[in-house]
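Take the sequence shown: its position 110, counted from the start at 1, is 132 in our numbering, and no numbers get skipped.
Using N, Cα and C, we set each Cβ at its ideal position, and we do this for glycine too.
Let me begin by presenting the structure, written as structure tokens, before commenting on it.
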Amino acid sequence: MNKIALMLLGAVLLSACSKQRNHKDDGGCMPGPVSCNMPAAYTANEAKRTIAQGLWGTLAFQEGNCMPIQDPANTTCRTCPVQRKLRIYPYTIMQHVAPIDGAFYNGFPNSPVATVMPDAEGFFQVSLPDGRYSVLAEEGGKLYAFGWDAQGGVSPVTVAGITKANLTFTYRATF
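In structure tokens, the structure reads:
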């Protein structure tokens with residue numbers, strides 16, 4: 023009985039961490055006033071944009087069971103803004119890099135054309151000329167790709183003028 027009570031207490035503490043705290047680079051939680059109200063974060067971050075040319079957006083981390091359920095109040099799915107260094111590379115296709123585990127890579131053959139660190143609310147912006155890029159985030163000593171395109175491009179983003187890209191880590195979420 024005591025083991026069950028301890029497990030329940032641990033689950034409550036972990037879910038509170040997910041709801042009210044930002045994620046560290048190792049996937050854990052860190053103290054902070056960050057809200058997991060993503061619509062509010064997107065709105066607040068839109069007002070921060072100052073670049074006239076380039077890429078901007080919000081970086082977030084999603085975890086838990088994100089399958090559609092009957093009672094949304096009981097979901098374990100959480101999406102919160104996070105801080106991770108973003109590396110922007112020339113557009114790179116899968117044939118030129120080797121994944122180490124799903125969406126993770128050890129490195130890229132080219133040097134990044136830019137790097138940017140989002141703020142505590144996940145906001146980032148970087149001046150870039152128009153073009154195609156691969157945008158990856160540092161996570162646990164590896165590079166995380168946010169997806170691929172039909173041509174095999176790794177974590178592709180096309181910048182044309184001012185381009186918004188909201189990026190979300192999903193490797194700890196179930197769909």
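{"query": "Give me the residue from Gly153, Pro121, Cys102 with the minimum Cα distance to Gly144.", "result": "Cys102"}
{"query": "Any chance the segment 115-132 sits against the segment 84-98, with 3 or more Cβ pairs inside 8 Å?", "result": "no"}
{"query": "Could you tell me whether the segment 118-127 touches the segment 71-85, where touching means 3 or more Cβ pairs closer than 8 Å?", "result": "no"}
{"query": "Mind the definition here: the segment 136-153 touches the segment 166-173 only if three or more C-beta pairs lie below 8 Å; say whether that holds.", "result": "no"}
{"query": "Taking only runs that begin and end inside the segment 50-92, name each unbroken beta strand (DSSP E) of 3 or more residues, in chain order.", "result": "76-87"}
{"query": "If we count Cβ pairs, one from each stretch, closer than 8 Å, do we get three or more for the segment 59-69 versus the segment 166-185?", "result": "no"}
{"query": "In the structure shown, what three-state DSSP assignment does Ala142 receive?", "result": "coil"}
{"query": "Distance, Cα to Cα, Met116 vs Arg71?", "result": "31 Å"}
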